[in-house]
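The structure appears right after this line, and notes come after that.
There are 2 protein chains.
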Amino acid sequence: MTKISNNRPLFLITNDDGIKAGGIKALVEMVRPIGDVVVVAPNQSYSGMSHAITVSVPLYVKEVVNEDGLLVYKVNGTPADCIKLAVRTLLDRKPDYILSGINHGSNSSASVHYSGTLGGAREGALNGIPSIGFSLLNYSYEADFSKAMPFARHVLSYVIKNGLPEGTFLNVNFPDGDSLKGIKVCRQAKGKWVEEFIERKDPRQRRYFWLTGHFKNLEPQATDTDEYALENRYVSVVPCSIDITDNDLLVHLQKMKHEFQMQ
Amino acid sequence: MTKISNNRPLFLITNDDGIKAGGIKALVEMVRPIGDVVVVAPNQSYSGMSHAITVSVPLYVKEVVNEDGLLVYKVNGTPADCIKLAVRTLLDRKPDYILSGINHGSNSSASVHYSGTLGGAREGALNGIPSIGFSLLNYSYEADFSKAMPFARHVLSYVIKNGLPEGTFLNVNFPDGDSLKGIKVCRQAKGKWVEEFIERKDPRQRRYFWLTGHFKNLEPQATDTDEYALENRYVSVVPCSIDITDNDLLVHLQKMKHEFQMQ
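Sequence order for the protein chains is H and Z. Each residue of the first sequence is one higher than the last, beginning at 1 in our numbering. Each residue of the second sequence is one higher than the last, beginning at 264 in our numbering.
Following this line, the structure appears as structure tokens:
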């Protein structure tokens, strides 16, 4: 860890598409001019792994790059594992910012719950570090991140200047392609994945299922959601909380003390 | 699916400790007298799997019990996979309630993010089905769930009578042992896992890390949190939202339009 200085901002980067994905390279290139960079990322795709942590097998860490101001490690674990390992073990000091992504594919609306990329960002927020998850609406391994980068820089600049409140992180999604119109700060749309399971038989004639499906926006009329922003070619920024308490229902249930509580 | 009737409530049950765990048996015994029951649960422990879904390997489903009013399937997938498979493929009709657990070990405070049990409950809520995650503060495979059951029944009775608002689910934790004092509806405590990684060398002299740690309540003075309730031997009920938008930060960022947005 001798090549990481103490006088520049330290960026910790992870993703869920694996260390070789183009999206993570785009983030490294974005921040290398302004700080020191440590990448701790999965050795393969951990897509759909949410905020999972690895408890039943040991984690192996392999250093793959060691240059002035840039260290890269790969881990046989999830994005949340990578952040934990970095913060607790690999780094000599607390990172100033955590960036996760850029995910190859959307993480808007309900996808925030399934996303390993956002699991990495949430883990950063749980550690009290300003954290941002980035995703591009293009699942291709060959996706072009160049059009998204000016907007990613802008969001990051805001966070560097203003910080983020404790317990929050940002979920940033970029429409794919040219002519992005700007950035919209929005709320998480109500939506869900409408799954279908492909049903087949394996060579031993055992029936198996394979998850597939498409996303459905459950409030297509709303204009203040991330889905609306993305459909209209704006970059969506959803501020997210690590506290998932539903305060409306909390107040309601507490009022119904006589019925609900057994004290 | 012919043995599941259409005229009794249908309970769908999953967990993350696997189909053989005592906690899932406790839930089945609780609801069998009042409805039909379908269990779709992992074939092994999927602890710490959060809301992960399986996208890179196929899922196999094996029927292990087929009695009047009780069907049990095991799946090589996560709790969220189990709920998706049940709702989309295995069941002829939408379940009336989804119960997840009873987890062997606490899922209070920040643990809600790592918990496969709560991933199953959240997946239920994403499907518009009233869903409850239950956890007992005892990690043992031999944990005794009997003292928790009157309180589990009480929470379930409330939900059967009143329903739950769309997009919410309940995170219910039981202290271990006797003399529980009652139920408290509370908010998610600010807390985090203070991890340490055990560092060892494997037989081939490769360094590996194994995740361990302990939970830390970051607001020990607060009396309205799940941690406070549990420490004082109350059952904690935290109403949780699938919408994780941080509304305070949303309003703040929207006010800073000139600085943050690029339209």
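Heads up, the beta-carbon is just placed ideally off N, CA and C, and yes, glycines get one too.
Three-state secondary structure (DSSP) at residue i?
| i | result |
| --- | --- |
| L71(H) | strand |
| C503(Z) | strand |
| I198(H) | strand |
| H51(H) | coil |
| E490(Z) | helix |
| R122(H) | helix |
| A326(Z) | One point to set straight first is that residue 326(Z) is Glu, not Ala, in the sequence displayed. Strand. |
| M264(Z) | Low confidence applies here, because M264(Z) scores a pLDDT of 46, under 50, leaving its location unreliable; read the following figure in that light. Correct three-state label for M264(Z): coil. |
| F145(H) | coil |
| G281(Z) | coil |
| V57(H) | coil |
Can you tell me where the alpha helix (DSSP H) holding residue i begins and where it ends?
| i | result |
| --- | --- |
| G286(Z) | G285 to V294 |
| L250(H) | N247 to K255 |
| I160(H) | M149 to N162 |
Might you give, ordered along the chain, the residues of its own chain that have their beta carbon closer than 7 Å to the beta carbon of residue i, omitting 5 neighbours on each side?
| i | result |
| --- | --- |
| L230(H) | S108, L137, N173, P175 and S236 |
| L59(H) | V75, N76, G77, D81 and L85 |
| K192(H) | A110, K216 and L218 |
| D178(H) | K147 |
How many whole angstroms separate the CB atoms of residue i and residue j, which I take to be in contact at a CB cut-off of 8 Å?
| i | j | result |
| --- | --- | --- |
| G311(Z) | Y402(Z) | About 12 Å; that fails the 8 Å criterion. |
| L474(Z) | E458(Z) | 6 Å |
| R356(Z) | G332(Z) | Rounded, the Cβ-Cβ distance is 14 Å, inconsistent with contact. |
| I102(H) | A26(H) | 5 Å |
| T352(Z) | A388(Z) | Actually they do not touch by this definition, with Cβ atoms about 19 Å apart. |
| Y491(Z) | G445(Z) | Not quite, the Cβ-Cβ distance comes to about 13 Å (not below 8 Å), so this is no contact. |
| A304(Z) | I316(Z) | No, A304(Z) and I316(Z) are not in contact; Cβ-Cβ is about 15 Å, not under 8 Å. |
| F408(Z) | G285(Z) | 6 Å |
| Y46(H) | H104(H) | No, Y46(H) and H104(H) are not in contact; Cβ-Cβ is about 12 Å, not under 8 Å. |
| N15(H) | S100(H) | 6 Å |
For residue i, which residues from the same chain have a beta carbon less than 8 Å from its beta carbon, with the 5 sequence-adjacent residues on both sides left out?
| i | result |
| --- | --- |
| L433(Z) | A384, S394, I395, G396, V418, V422, L427, V500, V501, P502 and C503 |
| N43(H) | G18, I19, K62, K74, V75 and N76 |
| N7(H) | none |
| S5(H) | D36 and G69 |
| G213(H) | W193, V194, E195 and E196 |
| R187(H) | D224, T225, D226 and V238 |
| A143(H) | G22, G23, H104, L136 and D176 |
By Cβ distance, which residues of its chain are closer than 6 Å to residue i, with the 5 residues on each side in sequence left out?
| i | result |
| --- | --- |
| P9(H) | G35 and D96 |
| V327(Z) | V335 and K337 |
| G382(Z) | S313, H314, P342 and A343 |
| T2(H) | At T2(H), the pLDDT of 45 sits below 50, so the modelled position is not reliable and the matter cannot be decided from this model. |
| N127(H) | V87 |
| V448(Z) | V500 |
| V112(H) | L118 and N171 |
| F277(H) | Residue 277(H) falls outside the range modelled here, since chain H spans only 1 to 263, and no answer is possible. |
Could you give the first and the last residue of the continuous beta strand (DSSP E) run that contains residue i?
| i | result |
| --- | --- |
| R207(H) | R207 to N217 |
| L528(Z) | Any property of residue 528(Z) remains undetermined from this structure, which presents chain Z solely from 264 to 526. |
| V38(H) | D36 to P42 |
| G440(Z) | Element bounds for G440(Z): n/a, residue is neither H nor E. |
| K184(H) | G182 to V185 |
| L136(H) | S131 to L136 |
Return yes when the C-beta of residue i is under 7 Å from any heavy atom of the ligand HEM, and no when it is not.
| i | result |
| --- | --- |
| S236(H) | Only the bare structure without any ligand can be found here, which leaves the ligand HEM out of the picture. |
Start-end ranges of the beta strand (DSSP E) lying completely within the region 76-119 of chain H, minimum 3 residues
97-104
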